[in-house]
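The structure appears right after this line, and notes come after that.
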Amino acid sequence: MPPAPIGNHAMRLLTPSPKSRALLAPLVLLLLGTALGSPCLAQESGTHKRTLKSNDKERQFLLHIPRNYKKAVKKESAPLVIMLHGRTSNGAMAASRYYGWKELSEKEGFVAVFPTALGSPTSWEGAWRGKKTNDSVFLSDLIDLMLEELKIDENRVFMTGHSSGGFMSFSFAASNADKVAAIAPVAGLVMDKSKPSLPVSLISFHGMADSIVPYGTSRWGTPTAMESAELFAKHNGCKAAERVELNKGKVHLDTWIKGKKETEVHFYSIEGGSHGWPQGGSKSVAATELIWEFFEAHPRKPDGKKGK
């Protein structure tokens with residue numbers, strides 16, 4: 006039996022008036038923007054899945070805004086930390102508690118971004134198995150987007166990364182030294198001897214028992230872990246290294262100081278350390294906390310200098 010026809014009076018009740026449509030329009034746009042990952046809610050606290058078109062490719066990243074962001078940026082712009090995952094991983098894994106960057110973001114008030122590399126398996130182009138995917142362009146575009154959408158201090162933009170992401174951090178600093186104040190590779194190496202156009206401070210970590218990216222020898226004809234740090238110290242014009250023994254000699258810290266624009270290089274060699282992210286304890290160091298302390302101390306000042 007067919008349904009009864011809807012009368013004219015009922016149709017008028019079901020059809021929104023021009024005034025109702027005007028009131029509903031902003032809500033529809035907001036919901037549509039949320040569904041499409043639009044920057045409409047870019048400044049809301051929490052972790053947001055985002056996309057960015059770079060070099061005709063749709064790139065993905067997670068954006069984490071700390072709870073106190075809106076209140077804090079009334080006084081000063083926020084720092085930005087970009088965390089690059091390792092090979093076969095992704096931005097979501099880089100944002101996990103294993104690394105602790107989201108948790109530290111909430112405590113310290115910086116904005117954290119976790120991009121995802123292309124490929125299957127995923128890998129950054131700056132790494133030993135990375136393909137040409139224009140990742141440097143993507144990361145540069147990503148920084149520009151954050152500066153546009155959020156209240157970010159362009160003199161406190163930092164990059165860190167693990168393994169493939171560590172390689173990419175070195176590579177990005179060489180090609181885009183004007184975009185980052187300091188970098189922090191973990192288990193990464195300099196893939197070539199490209200010199201950053203500007204001094205860039207460096208803090209890096211490497212396990213001396215790393216079987217994936219060996220500490221003292223190179224499978225790919227690249228500089229070793231120590232040589233990678235030395236190259237940056239040389240580029241920065243730092244003074245000769247000084248060594249400090251930590252954790253009863255289980256961790257060796259080499260530092261090069263008084264570089265151009267007040268740059269420094271800190272390199273942690275961890276005896277018995279593997280390819281993982283240093284988590285602290287009696288035989289290691291807590292990399293995430295040390296990296297943030299280093300970043301805080303090495304911004305780029307408006308006149309191009311670095312350091313407080």
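Residues in the sequence shown are numbered from 6 upward in steps of one, following our numbering. Ideal Cβ positions, reconstructed from N, Cα and C, are used throughout, including at glycine. Just so it is clear, the structure is predicted and the values come from calculations on it, not from any experiment.
Counting C-beta atoms within 10 angstroms of its own C-beta, L85 has 16 or more neighbours from the protein chains shown and is therefore classed as buried. Partner residues in the beta bridge of W261, as assigned by DSSP, are V270. Judged by DSSP secondary structure, V116 falls outside any alpha helix (DSSP H) and instead within the beta strand (DSSP E) spanning 116 to 120. In the three-state scheme derived from DSSP, where H, G and I count as helix and E and B as strand, D158 is classed as strand. A direct Cα-to-Cα measurement between S141 and L89 gives close to 12 Å. Three or more beta-carbon pairs drawn from the region 159 to 175 and the region 87 to 101 are found closer than 8 Å, and the two stretches are therefore classed as touching. It is roughly 32 Å from the alpha-carbon of S176 to the alpha-carbon of S287.
With respect to the 9 Å criterion, D197 and T227 are classified as neighbours on the basis of their beta carbons.
In this structure, S209 lies away from V185, with their beta-carbon atoms at least 9 Å apart. Counting along the chain, the unbroken alpha helix (DSSP H) around A99 starts and ends at 96 to 99. Nearest to E276 by alpha-carbon distance, out of H211, K263, T121, W282, is H211.
Three or more beta-carbon pairs separated by less than 8 Å link the region 104 to 124 to the region 52 to 72, which places the two stretches in contact. Note that the region 138 to 152 does not touch the region 94 to 114; fewer than 3 beta-carbon pairs, one per stretch, sit closer than 8 Å. Rounded to the nearest angstrom, the gap between the Cα atoms of P219 and Y273 is 14 Å.
Short of 6 Å from the beta carbon of K255, and not among the five residues preceding or following it, lie these beta carbons of its own chain, in chain order: E276, K288. S209 carries a strand assignment under DSSP once its states are collapsed to helix, strand and coil. Its Cα nearest to that of L57, the residue D149 stands out among N73, G166, E81, D149. Beta-bridge analysis with DSSP links S59 to K62. CA-to-CA, the gap between E232 and F163 works out to about 22 Å. Between N60 and the set N139, E113, N181, the nearest pair of CA atoms involves N139.
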